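K.L.:
Take this structure first; my questions come after.
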Amino acid sequence: MARKSNKKAREARKLADAGIKLLALGGVFAVVQFFLGKSPVSQALASLRPIGLLMVVAGVALLLLGKKFGQPAAPAELAPNKKPATPTARSVAASAAQVPQPVAPADAPTAAQLTNPGTAPERPLQWGKGVFDVIEWRRFEAVVERLFQQAGFESKSQSHGADEGVDVWLYSRNQPGEPVSLVQCKHWQGKRVGVDKIRELRGVMAARNVKRGQFATTSTFTPDAITFARENGVNLLDVDGLLGLIGKRTPDEQSELLAVALDGDYWRPTCVNCGVKMLDRTPRKGGSAFWGCTNYPKCKTTMPMRSATA
Numbered sequence: 331m332a333r334k335s336n337k338k339a340r341e342a343r344k345l346a347d348a349g350i351k352l353l354a355l356g357g358v359f360a361v362v363q364f365f366l367g368k369s370p371v372s373q374a375l376a377s378l379r380p381i382g383l384l385m386v387v388a389g390v391a392l393l394l395l396g397k398k399f400g401q402p403a404a405p406a407e408l409a410p411n412k413k414p415a416t417p418t419a420r421s422v423a424a425s426a427a428q429v430p431q432p433v434a435p436a437d438a439p440t441a442a443q444l445t446n447p448g449t450a451p452e453r454p455l456q457w458g459k460g461v462f463d464v465i466e467w468r469r470f471e472a473v474v475e476r477l478f479q480q481a482g483f484e485s486k487s488q489s490h491g492a493d494e495g496v497d498v499w500l501y502s503r504n505q506p507g508e509p510v511s512l513v514q515c516k517h518w519q520g521k522r523v524g525v526d527k528i529r530e531l532r533g534v535m536a537a538r539n540v541k542r543g544q545f546a547t548t549s550t551f552t553p554d555a556i557t558f559a560r561e562n563g564v565n566l567l568d569v570d571g572l573l574g575l576i577g578k579r580t581p582d583e584q585s586e587l588l589a590v591a592l593d594g595d596y597w598r599p600t601c602v603n604c605g606v607k608m609l610d611r612t613p614r615k616g617g618s619a620f621w622g623c624t625n626y627p628k629c630k631t632t633m634p635m636r637s638a639t640a
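Residue numbers for the sequence shown follow the numbering used here, so the first one is 331 and each next one is one higher.
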C-alpha cells in the first residue's frame, strides 16, 4: 500500500513540473511580443501567440490534474443505513478455536490435586471397624502379619508384585525354613469373599504341601466359602474375628497394632505392582476420581476410590 502511494506522488510531481514548464513557455510566446513593439522579431513571434495560449491552457490543466492525482484517496464509507457487521457467537467460537489452548497432560496431576492431593480421614483413637474402613490394603496386611507375630510366629511378606496367591508366610521358630501356614488377605468393604478365593488358597497350600491356611478379610464370607474352608483346613478371619483376636491382646500390643495400621499415609493405597503410594486423579473428561500409580506412564495401575479393593 505504501509503494502504491509513493508511485502516485511521483507521477503527480511529474505532471506538475510539466504544467509549470508549459505555462512558462506559453507565457513567453503569448506576451513577449508586447515588449518588443513593432520590431521584425515581434512580427515573427506574433504567429506563435496562439500556440503560447494553448500551452498556457495545457499547463494549467496539467497543474490541476497533478494536484488532484496527488491527493490521498478518501476512506471508503459505509453504505447508507448499513451498520458494521457484528461478530456472531459462531465466528467468535471459530476464532477462539484457532488459538492454541494449554492442555494439561492426559494423566498429569492438576493444580487442585497438587494443592489438595487427598484428604486424610479422621485418625481413629482406638480399635474398631472404623480402623479397617480408613486404612488401605497394605496397612491391613501389615496388621494381620503383626497379629501373627505377636502370637509367636515368624513371618515373611512382600509389599508388592506377584505373591503366588499368598500375602504372608508363617514359620515356626523351631522350623524357620518350612512354612507352617499361609495367609491370604482381602481388604474388601461390603463385598463378601466367595468360595473361589478359598479354593485358590487351598490350591497353593496343596502345591506347597502346607496343611494349614489363614484367610483374613475386612468383610465377611459366603456360606459356601465357610463350608469349604471348614473341610479343607482353612481358618477364616472376618472383620469380627479379627477384632476379637485384637481384643485379646494386651493394651500395649493393641496400641502397637494400631500404630502399624495408622503408619504414614495409611489411607492412601499402595500400588500393587510398584509398592509406592498412589495419587488421587480426576478424569479430564469427567467421571469418578480414582487412584493412579505415581510411576505413570511406566505403570498404569489404577484403583477405584470409593469401592472395595482386593
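Ideal placement from N, C-alpha and C gives every residue a C-beta, glycine not left out.
If you're wondering where the values come from, they're calculated on a predicted model, not measured in any experiment.
Beta-carbon within less than 6 Å of Val540's beta-carbon, same chain only, minus the 5 sequence neighbours each way: which residues are those?
P.N.:
Same-chain partners within the cutoff: Pro509 and Leu512.
K.L.:
Is Ser549 helix, strand or coil when you go by DSSP?
P.N.:
Coil, per DSSP.
K.L.:
Hey, quick one: how far does the beta strand (DSSP E) through Glu508 stretch, first residue to last?
P.N.:
Where Glu508 is concerned, the enclosing beta strand (DSSP E) stretches over Gln505 to Lys516.
K.L.:
Are the Cβ atoms of Ala591 and Val461 separated by less than 8 Å?
P.N.:
Yes. Within cutoff.
K.L.:
Out of Phe470, Trp467, Gln544 and Ile381, which has the shortest C-alpha to C-alpha gap to Leu566?
P.N.:
Comparing Cα-Cα distances from Leu566 to each of Phe470, Trp467, Gln544 and Ile381, the minimum goes to Gln544.
K.L.:
In the DSSP assignment, find the unbroken beta strand (DSSP E) run with Ser485 in it and report its ends.
P.N.:
Where Ser485 is concerned, the enclosing beta strand (DSSP E) stretches over Glu484 to Ser487.
K.L.:
On the DSSP bridge list, what partners appear for Arg611?
P.N.:
Phe620, per the DSSP bridge assignment.
K.L.:
Fully enclosed by the segment 556-600, which beta strand (DSSP E) runs are 3 residues long or longer?
P.N.:
The qualifying runs are 564-567.
K.L.:
Please classify Gly495: does DSSP put it in a helix, a strand, or coil?
P.N.:
Of the three classes helix, strand and coil, the one that applies to Gly495 here is coil, per DSSP.
K.L.:
Output needed for Ile556: all residues of its chain with C-beta closer than 7 Å, excluding positions within five of it in sequence on either side, in chain order.
P.N.:
Hits under 7 Å: Leu566.
K.L.:
According to DSSP, is Pro454 part of a helix, a strand, or is it coil?
P.N.:
It is coil, neither helix nor strand.
K.L.:
If you reduce the DSSP assignment to three classes, tell me which class Met385 lands in.
P.N.:
Here Met385 sits in helix by DSSP.
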